[in-house]
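Below is one structure, written out as structure tokens; comments come after it.
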Amino acid sequence: MARDQLLGSRYRLVRELGKGGMGQVWEARDERLGRPIAVKVISLLAGGGSRGDEARARFQREAKITAGLHHPNIVTVHDLGETGPEDDRAPFLVMEMVRGEGLDEVLRRGAVGLPKAAKWAAQICDALAEAHGAGILHRDIKPSNILITSSDAVKVLDFGIARAADPYATADRLTRTGFIVGTPPYMAPEQARGLPEPASDLYALGCLLFELITGRLPFEAPDTVGYLSAHLTQDPPTPSSVSTGIPPVWDDLLLILLRKDPAKRYPNAAALALALRQLDHARPEPGPPAGRPTTSATVHGKTSRTKVVTQPVASTAEPEPLGHRSASDGPGASLELPLRRSAATTATIVTASVCLLTGWVIPAVTYQAVDVGAMASDSQTVQMTLWGALTVVLAVGVLLLLARNTVGRWPVATAGIGLALQAVQPLFFVTTVGPGLILQGLLPVTAVTAALCALLTGFSATEPGLRGSGPRRRPAWLIAATTIVTAFVVWVIGYMWSTTW
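Quick note: the sequence shown uses the numbering used here, first residue 855, plus one each step.
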């Protein structure tokens, strides 16, 4: 590549902005539209023969997919093409020119303030949510792939480029052991094993965020193998143990992001963005030193005045896993936590299911009570209507909890208390009705399981695996008291109604 060279009969190279593991980035001018643009030449994929043709075809496919991403926090891809002689063709990308500074350059000045870190990380999450929704993983979230514009906004670069440069990638995973794509200091354990998924990008963002607020990475190692081994086997430190002035809520957020099991991290980038925006910003932290010059353009790579985008591909043999330990949960935090089924939630589902299975005893007793004259038929109608409504509400709550939707605990709690009261009431006259032994045994079971599932919803609401309905989770006593009062009022109204018929 040389200055003033014309690519694709349209893009004239103005000056080289930087070089990276994949190629060069140039400031260029779109001769047709008369606007400045950035051109990234992927020299890594240059070459002739069938292998080179396959690599460039794969790159073209991936680039077309990623070019469909349109989001304020994602650098826009305008065009793609190839340049060079027939036996040494190299693909290139045409991107918007972004004025600003690379995040790696920001980090060279030290840690940033907590509010700024939360703001930038939330915008990265917005970009990831857009890409993940389109089925695109980034695979290489790191400071040099994040740009901070002159308006203090975030731009994420190189979506899909790492995958495009991987000769062993298929539609859903890497198929060749020993070849990994990404940057080891930021690589999730499952990605190191060749199984990247959306949660892998969140793990990498966790490493980057750790570095933003502490000034260092969660793991430090002398080489690639050391980094991969640390990600696979070591528990990360809490940020507050590395740097002073970091609240416990940040410890919790980072330790969740850096869990070894991707299922135990945040459920998606949107949930993480919400958690970051809910963080308490009451304690301002000092930002980076003022008065430092910003670069005039950012695309990929680095020069003394300009940040440019580089995408080195780390290729190394996959180390043998030495274990699979999860990061510690840390103290409770007043933020949106990832959805995972806690022990209390599982117990709630089980007891509520038992209640549904044994709940038929309530209408059975009611019908027999009418037969022996212990209850009027009009009262029976009211009781059966109330029982049917509570049963439906309980079933809906169980289905919501099975779908990992924490809203389900409210109908479970309300219906549980209501059914428990309905099951207790017939105990006063069940001995006078029909085959009393079976009914006498099942009524207490129904009452106890219904009350237990309602009680357990209070515990599941405060466990770190479930999200509350707002920025701060409701305590168990408040949920228990609210559901008991609500259910008791409903039952009293129904009972008084049935006795006045």
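No residue lacks a Cβ here, since even glycine has one placed at the ideal position from N, Cα and C.
So what's Trp880 in DSSP terms, helix, strand or just coil? Against the sequence shown, residue 880 aligns to sequence position 26. If DSSP states are grouped into helix, strand and coil, Trp880 belongs with the strands.
Span of the alpha helix (DSSP H) holding Asp1225? Residue numbering aside, residue 1225 sits at position 371 when the sequence shown is read from its first letter. Here the alpha helix (DSSP H) through Asp1225 covers 1215-1225.
Limits of the beta strand (DSSP E) - the one that Thr937 falls within: As a first step, residue 937 must be located in the sequence shown, where it is residue number 83. Taken as a continuous stretch (DSSP letters only), the beta strand (DSSP E) holding Thr937 covers 931-937.
Between which two residues does the alpha helix (DSSP H) containing Arg1131 stretch? As a first step, residue 1131 must be located in the sequence shown, where it is residue number 277. Note, Arg1131: alpha helix (DSSP H), 1123-1131.
Closest to Ile931 by C-alpha separation, out of Arg943, Arg910, Ala892, Pro1093, would be which residue? Residue numbering aside, residue 931 sits at position 77 when the sequence shown is read from its first letter. It should be pointed out that residue 931 corresponds to Val in this sequence rather than to Ile. Of the candidates Arg943, Arg910, Ala892, Pro1093, the one whose C-alpha sits nearest the C-alpha of Val931 is Ala892.
The alpha helix (DSSP H) with Arg993 in it runs from where to where? The residue you call residue 993 lines up with position 139 of the sequence shown. That residue, Arg993, is in no alpha helix (DSSP H); it is neither H nor E in DSSP.
Beta-carbon proximity list for Val1208, same chain, < 6 Å, skipping 5 on both sides: Numbered from its first residue, the sequence shown carries residue 1208 at position 354. Closer than 6 Å at Cβ, skipping near neighbours: Thr1303.
Can you give the Cα-Cα distance for Pro1280 and Val1219, rounded to whole angstroms? Here residue 1280 refers to the residue found at position 426 of the sequence shown. Here residue 1219 refers to the residue found at position 365 of the sequence shown. Spanning the two alpha carbons is a distance of roughly 7 Å.
Would you say the beta carbon of Pro939 comes nearer than 7 Å to a heavy atom of the ligand GDP? For the structure depicted, the ligand GDP is absent and the ligand set is empty, with no information on it obtainable.
Separation of Gln1088 from Ala856, as counted between CA atoms: By one-based count along the sequence shown, residue 856 stands at place 2. By one-based count along the sequence shown, residue 1088 stands at place 234. If I take the Cα positions, the gap works out to 47 Å.
Does the segment 1242-1249 come within contact of the segment 1264-1276, defined as at least 3 CB pairs closer than 8 Å? yes
Please classify Trp1214 as buried or exposed, where buried requires at least 16 neighbouring CB atoms within 10 angstroms. One-based indexing of the sequence shown puts residue 1214 at position 360. With fewer than 16 Cβ atoms within 10 Å of its Cβ, Trp1214 is classed as exposed.
Using the beta-carbon count (16 or more within 10 Å), is Gly1270 buried or exposed? Residue numbering aside, residue 1270 sits at position 416 when the sequence shown is read from its first letter. Classification for Gly1270: buried.
So for Met1238, helix, strand or coil by DSSP? Along the sequence shown, read from residue 1 onward, the residue named residue 1238 stands at position 384. DSSP places Met1238 in helix when its eight states are reduced to three.
Out of curiosity, what's the CA-to-CA distance linking Ala1046 and Leu1082? As a working mapping, residue 1046 is identified with position 192 in the sequence shown. As a working mapping, residue 1082 is identified with position 228 in the sequence shown. When rounded, the distance between both Cα atoms is 7 Å.
Look up Leu871 in the DSSP assignment and say whether it is helix, strand or coil. Within the sequence shown, numbered from 1, the residue matching residue 871 stands at position 17. If DSSP states are grouped into helix, strand and coil, Leu871 belongs with the strands.
Inter-residue Cα distance where the pair is Pro926 and Lys1009: Taking the first residue of the sequence shown as position 1, residue 926 is located at position 72. Taking the first residue of the sequence shown as position 1, residue 1009 is located at position 155. Approximately 7 Å, taken between the alpha carbons.
In angstroms, rounded to a whole number, what distance separates the CA positions of Val966 and Thr1098? Reading the sequence shown from its first residue, position 112 is the one you call residue 966. Reading the sequence shown from its first residue, position 244 is the one you call residue 1098. Going from the Cα of Val966 to the Cα of Thr1098 covers about 13 Å.
Does the Cβ-Cβ distance between Ala1042 and His1085 come in under 8 Å? In the sequence shown, the residue the question calls residue 1042 occupies position 188. In the sequence shown, the residue the question calls residue 1085 occupies position 231. Yes.
Hey, Leu819 and Ala972: beta-carbon distance below 8 Å or not? Given a span of 855 to 1355 for the chain in the structure shown, any question on residue 819 remains unanswerable.
Would you list the residues sitting across from Leu1297 in a DSSP beta bridge? Residue numbering aside, residue 1297 sits at position 443 when the sequence shown is read from its first letter. The partner list for Leu1297 (beta bridge, DSSP) is empty, contrary to what the question assumes.
Along the chain, where does the beta strand (DSSP E) that runs through Glu950 open and close? Against the sequence shown, residue 950 aligns to sequence position 96. From DSSP, the beta strand (DSSP E) with Glu950 extends over 944-950.
Residues of its chain near Ala921, where Cβ-Cβ distance is below 6 Å and the 5 sequence neighbours each way are ignored: Sequence index remark: in the sequence shown, residue 921 carries index 67 (1-based). Val931.
Any idea if Thr1239 is buried or exposed, counting beta-carbon neighbours within 10 angstroms, 16 or more meaning buried? As a position in the sequence shown, residue 1239 is number 385, starting the count at 1. So Thr1239 counts as exposed.
Could you check the C-alpha separation between Arg910 and Ala1007 for me, to the nearest Å? Residue numbering aside, residue 910 sits at position 56 when the sequence shown is read from its first letter. Residue numbering aside, residue 1007 sits at position 153 when the sequence shown is read from its first letter. Using only the alpha carbons, I get a separation of about 33 Å.
Using a Cβ-Cβ cut-off of 6 Å (strictly less than) and excluding sequence neighbours within five positions of Ala976, which residues of its own chain qualify? In the sequence shown, counting from the first residue as 1, residue 976 sits at position 122. Closer than 6 Å at the Cβ level, and outside the excluded window around Ala976, lie Ala1127, Leu1130, Arg1131.
Taking the alpha helix (DSSP H) that Leu961 falls in, what are its first and last residues? The residue labelled residue 961 in the question sits at position 107 within the sequence shown. Start and end: 957-961.
Coil, strand or helix - Gly1080 by DSSP: Here residue 1080 corresponds to residue number 226 of the sequence shown, with the count starting at 1. Residue state, collapsed to three classes: helix.
Exposed or buried, Gly1184, counting other C-beta atoms within 10 Å across all chains shown (16 or more means buried)? On the sequence shown, residue 1184 is found 330 positions in, with the first residue counted as 1. Summary for Gly1184: the model assigns pLDDT 35, below 50, so the residue's position carries little reliability; its value from the coordinates is reported in the next sentence. So Gly1184 counts as buried.
How many Å lie between Arg912 and Leu1001 at the Cα? Translated into the one-based positions of the sequence shown, residue 912 becomes position 58. Translated into the one-based positions of the sequence shown, residue 1001 becomes position 147. Cα to Cα, the separation comes out at about 26 Å.
Might you give, ordered along the chain, the residues of its own chain that have their beta carbon closer than 8 Å to the beta carbon of Thr1245, omitting 5 neighbours on each side? For the purposes of this step, residue 1245 is identified with residue 391 of the sequence shown, where counting begins at 1. Taken in chain order, the residues that qualify are Leu1210, Gly1213, Ala1269, Leu1273.
If you draw a straight line from the alpha carbon of Leu1071 to that of Lys970, how long is it in whole angstroms? Looking up residue 1071 in the sequence shown gives position 217. Looking up residue 970 in the sequence shown gives position 116. Taking the straight line from one Cα to the other gives about 18 Å.
Are there 16 or more other CB atoms within 10 angstroms of the CB of Lys996, so buried, or fewer, so exposed? Position 142 of the sequence shown holds residue 996. It counts as buried.
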